[in-house]
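Beneath this line is the structure, given in structure tokens, with notes to follow.
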Amino acid sequence: MGRYVIRRLLQMIPVFIGSTFLIFFMVYALGDPVAALFGEKAPDPATAAQIRHDLYLDHSLGAQYLHYMKNIFVGDFGTAFNGEPVLTLMGDAFPITIRLTIVAIIFEIIIGILLGVITGMRRGKPVDTGVLLLTLVVISVPTFVTGYVLQYVFGVELKWTSPSVSPSAPFNELILPGLVLALVSLAYVTRLTRTSIAENTRADYVRTAVAKGLPRHRVIIRHLLRNSLIPVVTFIGTDIGALMGGAIVTERIFNIHGVGYQLYQGILRNNAPTVVGFVTILVLVFLLANLLVDLLYAVLDPRIRYA
Amino acid sequence: MSTGGSGATDALMAPTPRPPGGDEGGPLLDVRDLHVEFRTREGTAKAVNGVDYSVNAGETLAVLGESGSGKSVTAQAIMGILDSPPGFITRGEVVFQGRDLLKLGNEERRKIRGAKMAMIFQDALSSLNPVLSVGEQLGEMFRVHRGMSRKDSRAKAIELMERVRIPAARERVKQYPHQFSGGMRQRVMIAMALALEPELIIADEPTTALDVTVQAQVMDLLAELQREYNMGLILITHDLGVVADVADKIAVMYAGRIVETSPVHDIYRAPAHPYTRGLLDSIPRLDQKGRELYAIKGLPPNLLHIPPGCAFNPRCPRAQAVCRTDEPPLYRVSEDRASACHFWKETLDDDSLPSPDA
Ligand SMILES: Nc1ncnc2c1ncn2[C@@H]1O[C@H](COP(=O)(O)OP(=O)(O)OP(=O)(O)O)[C@@H](O)[C@H]1O
Ligand code: SF4
Ligand SMILES: [Mg+2]
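Residue numbers (the numbering used here), protein chains in the order written: chain A, -17 to 289; chain B, -3 to 354.
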């Protein structure tokens, strides 16, 4: 197991370098960051050249990338559009997005799995059909639509929660945004759980559990669920990275100053250090989450052995 | 005042002595006129159509019959693990220790399952839970039915594994089913069925999934334990060789009915039903090596449309007009034999009816 983890960590290095270079290349190909600094007016050529030199922009793309990576390793992610270090921005934004992601994951686990178990055990019944239809709607309607609708209904009309989130973004204000962020994944978790439960209810070992005279709840929880939830848990695990990166829309709707908000600002103002820095961290989160999921898989299913 | 010191360490796995027979002097298990049907989209499949058989304590009943004849469904109905829906018991009684199980509530049924009657399934790999250690799965019997602690139940699990002669039980108790060989896995299944010393064990083709080399070992173990604990055993099998060795009596099933019941030796000497006759003729025999094997011609009936009269009539070499119209009742052949054939006497007497292919 230890060797496996080391091998996986080593494999991450080329993936990490490749993906960050790609992002770096794309962002710098987007446009001229110096011109963006000056907005409408054309910059004085001498000043522009000076800025270019300061920002290491007068070198080749490869050299710029190396320079950037070198700085990252000493914790220097460059300067954001508002003059603050990108690192400070990250320190503010990531905790907020992590909180938002936690809320979303909790929704996925509680509601998604519960609905999946109920529908999986009552296939063909009205509950099942109703929930399936609902998941279809949730999956096919874009997040910004459901987001604005829920914001209007619960924030503006019913006033159960404030329609926008305050800068400190405490948990209680993140409940509705967390639900919006979770919705699509939640629908997938429901369907995945349902299929998995349906498959496993007919399994021989469930019949054995019944033949052993175990009470129904024990058959369901200890035998049926324990097996059925393995694919669901791994799905939710891989979803962590996707949720954090996918919070852009949700954070825009509820004016949450998290990762998605900062990324959006960075793109809007053509600020390369912000975009590259944030995406680099997201790539890392994604890779680590995947490794954790694979390890978790081996813990949950003893038939999986990594060597 | 009792000191309470005596007998606290009871001999753990020593079989508890029990009186022969059921509580009321009748058989341990008496299945009467059992009917089971599956209501599916294609129609109602009549899988079991009036099964009667009985087992006494310490007795082994072998249930024979082609695939689809309802052997497993009958067993599931007795155990109370029938897939319902689509399966429904429409008629009959399952009298166990003097009580009709079909009249009991779910909770009473559950307490009997595993504790008083247990089942051994064919494929131990798929029948054991892949993500729980064998120790947990064995110990679960004691934890649920006896309320034992985790630690005590683990000790019990180890004893059980030693009881079914799994080597290095103490280490292997932590392992998972996929880490055992087929034969060892089936021993785990046997241990699980044996855990609470049930009065009755139903073994549904316990050796079919195993290598030929370990089949005999597993069968011997099962027979030995059955004798030792004086349990009733229903052995569902295709292996007529095994039947001759371990069974006391035989029930032959066809299209969801018992067509012949008999003590084991009588049936080998002279079958009283043409279907049994066909089954016996299809056993490979050493003295007839090289001769082409006899096979009953035709296919088992579609359970959605069982032929009128005797269900076996389209395939029966002895069939007459009456067989196509009148369903034969279970005729009493002798004190402990019965046959559902209009011509049981002729079949019994005429031991030299030529096989159609001879
Ligand atoms: N869950 C089910 N749903 C629908 N039909 C079923 C179900 N289980 C069994 N049957 C039907 O009942 C019939 C009898 O099945 P059963 O499993 O008892 O046969 P068997 O005698 O045990 O055969 P085998 O030797 O192959 O195990 C089968 O033909 C099958 O079509
Ligand atoms: S009743 Fe007729 S068809 Fe049925 S087994 Fe006897 S002889 Fe054959
Ligand atoms: Mg069967």
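Note that the Cβ used here is the ideal one computed from N, Cα and C, for glycine as well.
### Query
Taking Cβ to Cβ, would you say residue 97 of chain A is nearer than 7 Å to residue 113 of chain A?
Along the first sequence, one-based indexing puts residue 97 of chain A at 115. Along the first sequence, one-based indexing puts residue 113 of chain A at 131. Contact: yes.
### Message
Using CA atoms only, rank isn't needed, just tell me which of B/252, B/343 and B/236 is closest to residue 270 of chain B.
### Response
Within the second sequence, numbered from 1, the residue matching residue 270 of chain B stands at position 274. Ranking B/252, B/343 and B/236 by Cα distance to residue 270 of chain B puts B/343 first.
### Message
For the beta strand (DSSP E) containing residue 86 of chain B, name the first residue and the last one.
### Response
Residue mapping note: residue 86 of chain B aligns to position 90 of the second sequence, counting from 1. Residue 86 of chain B -> beta strand (DSSP E) spans 83 to 92.
### Task
Let me know if residue 355 of chain B comes out buried or exposed under the rule of 16 or more other beta-carbons within 10 Å of its beta-carbon.
Any answer about residue 355 of chain B is impossible in this case: the structure gives chain B only from -3 up to 354.
#### Entry: residue 248 of chain A versus residue 64 of chain A - alpha carbon distance
The residue given as residue 248 of chain A occupies position 266 in the first sequence. The residue given as residue 64 of chain A occupies position 82 in the first sequence. Going by C-alpha positions, residue 248 of chain A is about 10 Å away from residue 64 of chain A.
### Task
Establish whether the CB of residue 363 of chain B and some CB of chain A are separated by less than 7 Å.
Any property of residue 363 of chain B remains undetermined from this structure, which presents chain B solely from -3 to 354.
### Query
So what does residue 50 of chain B bridge to, in DSSP terms?
Within the second sequence, numbered from 1, the residue matching residue 50 of chain B stands at position 54. Looking at the DSSP output, residue 50 of chain B sits in a beta bridge with B/26.
### Message
Tell me which residues pass a beta-carbon proximity test against ligand 3: closer than 6 Å to any heavy atom, given in chain order.
### Response
This criterion selects B/67, B/68 and B/200.
### Query
Rounded to a whole number of angstroms, what is the C-alpha to C-alpha distance between residue 257 of chain A and residue 92 of chain A?
If you number the first sequence from 1, residue 257 of chain A lands on position 275. If you number the first sequence from 1, residue 92 of chain A lands on position 110. Spanning the two alpha carbons is a distance of roughly 34 Å.
### Query
Can you tell me whether DSSP reads residue 233 of chain B as helix, strand or coil?
The count along the second sequence starts at 1 and reaches residue 233 of chain B at position 237. It is coil, neither helix nor strand.
### Rounded C-alpha distance that separates residue 163 of chain A from residue 83 of chain A
Counting from 1 along the first sequence, the entry for residue 163 of chain A is found at position 181. Counting from 1 along the first sequence, the entry for residue 83 of chain A is found at position 101. In this structure, the straight-line span from the alpha carbon of residue 163 of chain A to that of residue 83 of chain A is close to 8 Å.
### Query
Excluding the five sequence neighbours on either side, which residues of its own chain have a C-beta within less than 7 Å of the C-beta of residue 41 of chain B, listed in chain order?
Taking the first residue of the second sequence as position 1, residue 41 of chain B is located at position 45. Annotation for residue 41 of chain B: 33, 34, 299 and 300 place their beta carbon closer than 7 Å to its own, counting only its chain and skipping 5 residues before and after.
### Message
What residue range does the alpha helix (DSSP H) around residue 115 of chain B cover?
### Response
Against the second sequence, residue 115 of chain B aligns to sequence position 119. Per DSSP, residue 115 of chain B belongs to no alpha helix (DSSP H); it is in the beta strand (DSSP E), 113 to 116.
### Message
Using a 10 Å radius around the Cβ and a threshold of 16 neighbouring Cβ atoms, would you call residue 101 of chain B buried or exposed?
### Response
What you label residue 101 of chain B is simply residue 105 of the second sequence in a count that begins at 1. By the neighbour-count rule (16 or more Cβ atoms within 10 Å), residue 101 of chain B is not buried but exposed.
#### Entry: The alpha helix (DSSP H) enclosing residue 27 of chain A, as first and last residue numbers
To locate residue 27 of chain A, count along the first sequence from 1; it is residue 45. Looking at the DSSP string, the run of the alpha helix (DSSP H) that includes residue 27 of chain A is 27 to 36.
### Message
Are there any heavy atoms of ligand 1 lying less than 6 Å away from the beta-carbon of residue 420 of chain B, as far as the coordinates show?
### Response
Any property of residue 420 of chain B remains undetermined from this structure, which presents chain B solely from -3 to 354.
### Query
What in chain A is Cβ-close to residue 225 of chain B, meaning under 8 Å?
If you number the second sequence from 1, residue 225 of chain B lands on position 229. The contacting residues do not exist; residue 225 of chain B stays about 18 Å from chain A at best.
### Message
List, from N- to C-terminal side, the alpha helix (DSSP H) runs of 4 residues or more that fit wholly inside the stretch 165 to 227 of chain B.
### Response
List check, alpha helix (DSSP H) in window: 165 to 168, 178 to 190 and 208 to 225.
#### Entry: Within chain B, the residues that residue 186 of chain A reaches when beta carbons sit closer than 8 Å
Residue 186 of chain A sits at position 204 when you count from the first residue of the first sequence. Among the residues of chain B, those whose CB is under 8 Å from the CB of residue 186 of chain A are 117, 119, 122 and 123, following chain order.
### Task
Compare the beta carbon distance of residue 240 of chain A and residue 264 of chain A with 7 Å and say whether it is the shorter of the two.
Within the first sequence, numbered from 1, the residue matching residue 240 of chain A stands at position 258. Within the first sequence, numbered from 1, the residue matching residue 264 of chain A stands at position 282. It is not a contact, given that the beta carbons lie outside the stated cut-off.
### Message
Just to make sure I have the definition right: I need the residues of chain B whose C-beta is within less than 7 Å of the C-beta of residue 205 of chain A. Which are they?
### Response
Position 223 of the first sequence, counted from the first residue, corresponds to residue 205 of chain A. Those are 125, listed as they occur along chain B.
### Message
I'd like to know whether the C-beta atoms of residue 194 of chain B and residue 75 of chain B end up nearer to each other than 7 Å.
### Response
Reading the second sequence from its first residue, position 198 is the one you call residue 194 of chain B. Reading the second sequence from its first residue, position 79 is the one you call residue 75 of chain B. Between residue 194 of chain B and residue 75 of chain B, the C-beta gap is not smaller than 7 Å, which leaves the two residues out of contact.
### Query
Any heavy atom of ligand 1 closer than 6 Å to the CB of residue 112 of chain A?
Stepping through the first sequence from its first residue, residue 112 of chain A is reached at position 130. False, no ligand heavy atom lies under 6 Å from that Cβ.
### Query
Tell me which same chain residues have a C-beta within less than 6 Å of the C-beta of residue 19 of chain B, skipping the five on either side of it?
Here the question's residue 19 of chain B lines up with position 23 in the second sequence. Confidence at residue 19 of chain B is low in this model, with a pLDDT of 48, below 50, so its placement is unreliable and the value that follows should be read with caution. Cβ within range, chain order: 93 and 94.
### Task
Quick one: using the 10 Å Cβ neighbour count with 16 as the cut-off for buried, is residue 345 of chain B buried or exposed?
Indexing the second sequence from 1 puts residue 345 of chain B at position 349. If you draw a 10 Å sphere on the C-beta of residue 345 of chain B, you find fewer than 16 other C-beta atoms in it, and that means exposed.
### Task
Compute the minimum distance between the beta carbon of residue 314 of chain B and the heavy atoms of ligand 2, and state whether it is under 6 Å.
Along the second sequence, one-based indexing puts residue 314 of chain B at 318. Under cutoff, so the answer is yes.
### Query
Can you name, in chain order, every residue of its own chain whose Cβ lies under 6 Å from the Cβ of residue 242 of chain B, other than the five neighbours on each side?
The count along the second sequence starts at 1 and reaches residue 242 of chain B at position 246. Answer for residue 242 of chain B: 56 and 219, listed in chain order.
### Query
Looking at residue 94 of chain A and residue 235 of chain A, is the spacing between their C-beta atoms short of 7 Å?
On the first sequence, position 253 is the one that residue 235 of chain A refers to. On the first sequence, position 112 is the one that residue 94 of chain A refers to. No, these two residues do not count as a Cβ contact at 7 Å.
### Message
Under 8 Å: do the stretch 108 to 125 of chain B and the stretch 165 to 183 of chain A share three or more Cβ pairs, one atom per stretch?
### Response
Segments in contact, no.
### Query
Using the beta-carbon of each residue, which ones in chain A are nearer than 7 Å to residue 54 of chain B?
Taking the first residue of the second sequence as position 1, residue 54 of chain B is located at position 58. For residue 54 of chain B, no chain A residue has a Cβ inside 7 Å of its Cβ, as the nearest lies near 22 Å away.
### Query
Taking any Cβ of chain B, which residues in the stretch 108 to 133 of chain A have a Cβ under 8 Å from it, in chain order?
Answer in chain order: no residues at all.
### Euclidean distance between Cα positions of residue 245 of chain A and residue 138 of chain A
One-based indexing of the first sequence puts residue 245 of chain A at position 263. One-based indexing of the first sequence puts residue 138 of chain A at position 156. Straight-line Cα distance between these residues: approximately 27 Å.
### Task
Tell me, please, whether the CB atom of residue 111 of chain B is closer than 7 Å to any CB atom in chain A?
Start at 1 with the first residue of the second sequence, and residue 111 of chain B comes out as number 115. With 7 Å as the cut-off, residue 111 of chain B counts as an interface residue toward chain A.
### Query
Which two residues bound the contiguous beta strand (DSSP E) that contains residue 314 of chain B?
Stepping through the second sequence from its first residue, residue 314 of chain B is reached at position 318. No beta strand (DSSP E) contains residue 314 of chain B, which DSSP labels as neither H nor E.
### Task
Please confirm whether residue 366 of chain B and residue 88 of chain B have their CB atoms less than 7 Å apart.
Coverage of chain B is limited to positions -3 through 354, which leaves residue 366 of chain B absent and any answer about it impossible.
#### Entry: Collapsed DSSP secondary structure at residue 165 of chain A in the structure displayed
Walking along the first sequence from the start, residue 165 of chain A turns up at place 183. In the three-state reduction of the DSSP assignment, residue 165 of chain A falls in the helix class.
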